[in-house]
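**Student:** Just dropping this structure here.
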Amino acid sequence: MDLSGLKDKLSYVRKVNGNIAIGALTTPEDLAETFLHKDKKYLGFYDIYKKFASPILKPLATIGGNIGVAVSASDYLTFLLTLNAKVKLVSVEGERLVSLEELVVEKRTLAKDPNELIYEIIFPELPENYSTAFMKIDRREVIITGYITTAVCLKIEDNKIADVRIAFDRVNKRIPGRAKKTEEFLKGKEFSVDTIREAYNKVFPAEIVRKSDFRASGEYRLDLSKVLMKRTLLQAKSRIVEGV
Amino acid sequence: MALSTAEYVRIIEELFEKVKKFTYVGKHMQRWDAIEKILGKARFTADYANLYRNLVYVYSVRAKYAHAKIRKIDVSEAEKVSGVLKVITPKDIPGVNDVGYVIPDQPLLAYSKVRYIGDTVALIVAEDPYIAEEAGEKVYVDYEPLPVIIDPLEIVDPVTLEEKKHVLIHDERESDIVARYRIRTGDVKKGFEQSSVIVENEYRTQYAEHAYMEPEAALAIPEPDGGITIIASTQCPYEARRAISKVLGMPFNKVRVVAPPLGGGFGGKEDVANEIGAKAAIATLLTGRPAIAVHTREESIIGHSKRHPAIMWYKHGATRDGKLVAVEARIILDTGAYASLGPFVAWRATVHSVGPYKVPNAKVDTVTVYTNGVYAGAFRGFGNPQIHFAVEQQMDLLAEELGMDPVEFRLKNILRNGDRTVHRQLLDHGVGLEEALVKAAEAADWYRKRAEYAKQTGTVRRGIGVALLWHGNSIGAEGADYSAVSIIINRDGSITFRTGLTDMGQGAIQGLIMLAAEVLGVPPEYFRVEMPDTASVPDAGPTVASRTTAMGGNATLVAAYKLRKKLNEVAADMLKCSPDDIEIKAPEVYCRGDPARKIRWIDLIEECFWRGVSLQEYGYYRAPKARWDDEVGHGEPYFTYTFGAIMAEVVVDMETGKTYVERIVTAYDIGRVVNRVGAELHAEGGAIQGLGYALMEEIVHSPEGKVWNPNLYAYYIPTILDVPKEIISVFVEAGYIRGPFGAKGLGEPSINGIAPAIANAIANAVGVRIKSLPMTPEKVYLELKRKGLIKL
Amino acid sequence: MSTEEYPEIEITLNVNGKDYTVKVKPYERLLDVLRYKLGLTSVKEGCGRGECGTCAVIMDGKLVASCLVLAVQARGKKILTLEGLTPPGKLHAIQKALLDTYAMQCGFCFPGVIMAMKSLLDRNPDPTEDEIREALSGNLCRCGSYLRFIKAAKLAAEYIRKGQVYFEFKG
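So the sequence lines, in the order shown, correspond to chains A, B and C. Residue 193 in the numbering used here sits at position 193 of the first sequence, with consecutive numbering throughout. Residue 1558 in the numbering used here sits at position 558 of the second sequence, with consecutive numbering throughout. Residue 2136 in the numbering used here sits at position 136 of the third sequence, with consecutive numbering throughout.
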């Protein structure tokens, strides 16, 4: 079914009642032209864009498609989980709002009816003192799945971690998920590399399952998850405190 | 009849001695085909489809298992699909059902068993490609699966190299050993006894994929007299003709093969073109219509040859003062399901196995085995990228043990003029390795950086590494090594150049034109290069083994020399001076002693026409016969060697294990730079391909023999974001007397030294050695972790 | 469904400045229309999955993989391929720059690379090296001319800034 005729209706980024709404047919290229790539709170979108597929695909891929395909390499899905995003589903029977976590159940499996259309993605605007970051590492720089991917949304107040959300390409299912126990551990603590280290060595390994496949071993993926957790948090903090 | 006194050899030697100043040779020149390619007008094989009406499409039905007996094949359902013209199975092949390049072990269409996942069991010929594919799903094969072997160590013992008991892949040959080679020089046992330091390690390299941007294609056209013309993406039109004639059971002169420009080859379009060409040809034969076969990227990856994975065990011994005393090696090459060029790859690997050094005692044993992986064949380097990865790390490790600088240690052991190789071959001239190494060290600022990088802290570190390489030119003892061109000066003074050597991007043909231009005294723009076509160009031998400049160049010089002599005679008569006095700087021709006595080029040509002096010359050159004693691996395997020194600078991020290559310095002794642009592009392109081989490329088979990553999304070749800021190319000209003005080849040598230079740079940066390719971030990180050098 | 059961759909699109009306099957791609129906063979099929860049064309001002655009999705759009880059007998500054930097090897990736450079220079007339690398990151070149692409893009930008967009050449 070709949805390209709906492009005008479903491609937008809007502020609505304290939320940000992104139309399902918005492409990464479209996003790059909006405030989401410039506002330091939302630079996670910029990070994804830099590593997303390649230039010839950025005008063709869609946010709705990225979520709908529901695989661990769905970078926007991973990131939007840290923004507590919801999805508006529309059908002839009406519309409903469902959280991303509830919608994406497992690999390539969505909790929606086949005749429901992903219409838009909504998440609350981030207040001041928040920022975001996303990282993906692989053997080369671009056109990659990533050994793993990491997304964070962080709030710093008085050098403390006032709020933190951390998502990975996989946590304990074959789809992106949040490392909630690690988040809980970090909340309220002083922001420092030592704290992060404690979190990723003591709490994190218990809640994440890293498997081996032909691309990489579970051991490397786990360690790399720790490194990228640290680096994305440092990046987000730098954006909050230093603006860059 | 002594070949060494052949006239063509005499001509080459004379030109080497006499000509010291050049107008075109060594300069930067635009390629003859640059304009058509830049306009997007160049016609690659698949682009020909638009020119033919009434085309039929050929689809290959491939194996469902990597190893299975075929009990029965039922194509009746497929034949019924509307739009299907024919379903071709082995019984329809009129000639011999075999496309094996060296050994006749590879059926075009599998009949008794399938041996790898890309084996073709039937061909669908249909009115459009979608119908063909649909019908392909309706071919039912009754398979009896057999055990799949992916690990060569299940075929052969790693220490004894003896064949192990297993369910044979090539039961018709009664053994899965394809070839064995050896070197026995001196006495390694004594050598190791004399050694103060001994270094012993195992190294492994991976299956690699050519990943040229143009997938394979072939278009066959029926000729009115019953012959068939095949336009195919082939590096070797004459080899393709031979292979297709064999399959069709037709004489060579009724099978015409045309080779358009290739969108990359690197050795990959050496034998698969025979297979896809034969498929298109047989479809045309049986339907009477033009037929096209094009590979998808996935088919290309699972259906054509790869680079041989290698398991290599090396033991090196040296004395306290830094002299190499003994090298012992066992090399196992996995050629996958079919031999392809495997026997030759193993031979070249053996010849080069100890590196470009003086080695008084050596014991090398190489064995090539079949497995059920995708078959391996020719790929840039042809066994040398593998062994250099091992040898050059061994040399670095010896230097470490001895507390010597790696460059200093190598300088103590490299081959120089007057030395004998490990095969007892005397290299009395033409060894430019020392100059290359010294120049590379200078360009890379080696000594200062080694000192600086020794005192680093932090988790992001820099390193610089060196690797030397050598590469015998042309095919050595593989077969009869000859080349040929024909040069025709047309009556209007324009020139037609014909050769069976093909262009796959390497641009060596430009070098041939420059050589001809140099000798004739005409600008390269006067030449037009005809497409390689077995109907009209001379058989120049295959375009492989970095031989186009070395061998085609000589053939070109011979043809041009003969033409020049004729032109000189006629011009001398017209201008009343001696033939040796004739200077041709087209469009002018004059007497060197009295430039006022002159004529125009076109007048000279016209005069030749009226005097009955034919201005069409065929240039033939045959290389000196290689000598190789199988028992001890001695002789003269190659007539000359290209040498090189590579220095790679890296930055390693220890927390992720990722290696970033900042800079690569290459210094190649190529005898004489003919096509300078081509040489520079080889140095750069080879460095980039080598970087991919070193850090990211790997074809992975599942235990069932399927390829996990048959696409460009999961098989990682370098993108523009992965290449260093700088690749510097330096050239050394230690001319070889029987090369065209001393020139040697560079196509393959330009990849040999890259991976080991990067490996040595990583070791210098972070203190760990990765002994298997690719040196992924994971391998580097886990090794650092194991050694306690990084803790999160 | 077998291919015969799919209906043909008529679409109109503008390619290299001219309108074309063609009949396409719903599963046919923009690549198929350009390469086979319109004979624009500069548009190559290197992988069919958007991973190599050899099929890159400019569609409504955006660089896209034509192998991943369905023909029907291209209806009403303006497409530019290499054939439409210059008037006959001329070279575009990008082509001139690639010749001046001697970047040519097998040439198979060039049409896609030239389109990527055009797309870049249209948006950004004075790109940095990093911007050039990013813009060309979807174009694979196995022969390894990447470093020359960077030099060529800078040189082309310079030519264009000086007003030299087209160059004469003797064919």
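Glycine is no exception: its CB is placed at the ideal position from the N, C-alpha and C atoms.
From the beta carbon of C/Ala2074, is the nearest beta carbon of chain A less than 7 Å away?
**Tutor:** No - not a single Cβ of chain A is within 7 Å of the one on C/Ala2074.
**Student:** Which residues in the same chain have their Cβ closer than 7 Å to the Cβ of A/Gln235, if we skip the five residues on either side of it in sequence?
**Tutor:** Once the five neighbours on either side are set aside, the close Cβ partners of A/Gln235 are Ala133.
**Student:** Only counting the same chain, and skipping five residues up and downstream in sequence, which positions put a Cβ closer than 7 Å to that of B/Ser1175?
**Tutor:** Cβ neighbours of B/Ser1175 beyond the five flanking positions: Glu1163.
**Student:** So the alpha helix (DSSP H) B/Thr1556 belongs to, where does it begin and stop?
**Tutor:** Start and end: Gly1553 to Leu1575.
**Student:** May I ask you to report which of helix, strand or coil DSSP gives C/Ile2011?
**Tutor:** In the structure shown, C/Ile2011 sits in a strand (DSSP, three-state: E or B).
**Student:** Name, please, each residue of chain B whose Cβ falls closer than 8 Å to the Cβ of C/Tyr2036.
**Tutor:** By Cβ distance, chain B contributes Ala1049 and Asn1050.
**Student:** Quick one: what's B/Ser1060 bridged to in DSSP?
**Tutor:** Answer by DSSP bridge pairing, in chain order: B/Leu1123.
**Student:** With DSSP as the reference, label B/Asn1054 as helix, strand or coil.
**Tutor:** Three-state result, B/Asn1054: coil.
**Student:** Give the DSSP-derived three-state secondary structure of A/Pro54 in the structure shown.
**Tutor:** Inspection of the sequence shows that residue 54 of chain A is occupied by Ser rather than by Pro. Coil.
**Student:** Which residues of chain C have a Cβ atom closer than 8 Å to the Cβ of B/Pro1261, listed in chain order?
**Tutor:** Cys2106 and Gly2107, listed in chain order.
**Student:** Would B/Pro1718 be called buried (16 or more neighbouring beta carbons within 10 Å of its own) or exposed?
**Tutor:** Buried.
**Student:** For B/Pro1587, I'd like the list of residues in its chain whose CB is within less than 6 Å of its CB, leaving aside the five on either flank, ordered along the chain.
**Tutor:** The residues are Arg1600 and Trp1601.
**Student:** Within a Cβ cutoff of 7 Å, which residues of the same chain sit near B/Leu1146, ignoring the five residues on either side of it in sequence?
**Tutor:** Only His1067, Ala1068, Lys1069 and Val1167 meet the Cβ criterion.
**Student:** What are the residues in the region 1446 to 1462 of chain B lying within 8 Å of chain A by C-beta distance?
**Tutor:** Listed by position, the residues of the region 1446 to 1462 of chain B near chain A (Cβ gap below 8 Å) amount to none.
**Student:** Considering only the beta carbon of each residue, do A/Phe168 and B/Val1700 sit closer than 7 Å?
**Tutor:** No, they are not a contact pair.
**Student:** Could you check the C-alpha separation between B/Asp1503 and B/Val1431 for me, to the nearest Å?
**Tutor:** About 28 Å.
**Student:** By the three-class DSSP mapping on this structure, what secondary structure does A/Glu116 have?
**Tutor:** Three-state result, A/Glu116: coil.
**Student:** Quick check: what's the CA-CA separation for B/Gly1671 versus B/Lys1412?
**Tutor:** Cα to Cα, the separation comes out at about 23 Å.
**Student:** What does C/Gly2046 reach in chain A if we use C-beta pairs closer than 7 Å?
**Tutor:** The contacting residues do not exist; C/Gly2046 stays about 12 Å from chain A at best.
**Student:** Taking Cβ to Cβ, would you say B/Val1558 is nearer than 7 Å to B/Tyr1008?
**Tutor:** Cβ distance < 7 Å, so B/Val1558 and B/Tyr1008 count as in contact.
**Student:** Determine whether the beta carbon atoms of B/Asn1675 and B/Tyr1621 lie at a separation below 7 Å.
**Tutor:** Not a contact, by the Cβ cut-off of 7 Å.
**Student:** Could you give the distance in angstroms between the alpha-carbon of A/Gly23 and the alpha-carbon of A/Leu100?
**Tutor:** The straight-line gap from Cα to Cα measures roughly 15 Å.
**Student:** Between which two residues does the beta strand (DSSP E) holding B/Arg1204 run?
**Tutor:** Looking at the DSSP string, the run of the beta strand (DSSP E) that includes B/Arg1204 is Val1197 to Thr1205.
**Student:** Against chain C, with Cβ distances strictly below 7 Å, would A/Ser54 count as a contact?
**Tutor:** Taking Cβ atoms only, chain C reaches closer than 7 Å to A/Ser54, which makes this a yes.
**Student:** Skipping 5 residues on each side, what residues in its chain have a beta carbon closer than 8 Å to that of A/Ser225?
**Tutor:** For A/Ser225, where only same-chain residues beyond five positions count, the Cβ hits under 8 Å are Ile148, Thr150, Phe168, Tyr200, Phe204, Ile208 and Arg210.
**Student:** Mind reading off the beta-carbon distance from B/Thr1296 to C/Gly2048? Whole number of angstroms is fine, and I expect it under 8 Å.
**Tutor:** So it is a contact: roughly 6 Å between Cβ atoms.
**Student:** Determine the DSSP secondary structure at B/Val1422, reduced to helix, strand or coil.
**Tutor:** DSSP places B/Val1422 in coil when its eight states are reduced to three.
**Student:** Find the residues of chain A that neighbour B/Trp1470, judging by a C-beta separation of less than 7 Å, and give them in chain order.
**Tutor:** Correct list: empty, because the minimum Cβ distance to chain A is about 29 Å.
**Student:** Should C/Gly2039 go down as buried or exposed, given a rule of 16 or more other Cβ atoms within 10 Å for buried?
**Tutor:** Counting Cβ neighbours within 10 Å, C/Gly2039 comes out exposed, since fewer than 16 surround it.
**Student:** Hey, could you find the ends of the alpha helix (DSSP H) B/Ile1244 is sitting in?
**Tutor:** Element bounds for B/Ile1244: Pro1237 to Leu1248.
**Student:** Since B/Val1589 contacts B/Ala1571 with CB under 8 Å, what's their CB separation in whole angstroms?
**Tutor:** Rounded, the Cβ-Cβ distance is 5 Å, consistent with contact.
**Student:** Within 7 Å (strictly less), CB to CB, does C/Arg2137 reach chain A?
**Tutor:** Rather than Arg, the amino acid found at residue 2137 of chain C in this sequence is Ser. Chain A contact via Cβ: present.
**Student:** What does A/Asp223 reach in chain C if we use C-beta pairs closer than 8 Å?
**Tutor:** Chain C residues near A/Asp223: none, gap ~27 Å exceeds 8 Å.
**Student:** When the distance is taken between beta carbons, is B/Pro1637 closer than 7 Å to B/Gly1472?
**Tutor:** Going by C-beta atoms, B/Gly1472 is nearer than 7 Å to B/Pro1637.
**Student:** For B/Pro1145, which of helix, strand or coil comes out of DSSP?
**Tutor:** The answer is strand: DSSP assigns B/Pro1145 an E or B state.
**Student:** If you reduce the DSSP assignment to three classes, tell me which class B/Phe1192 lands in.
**Tutor:** It is helical.
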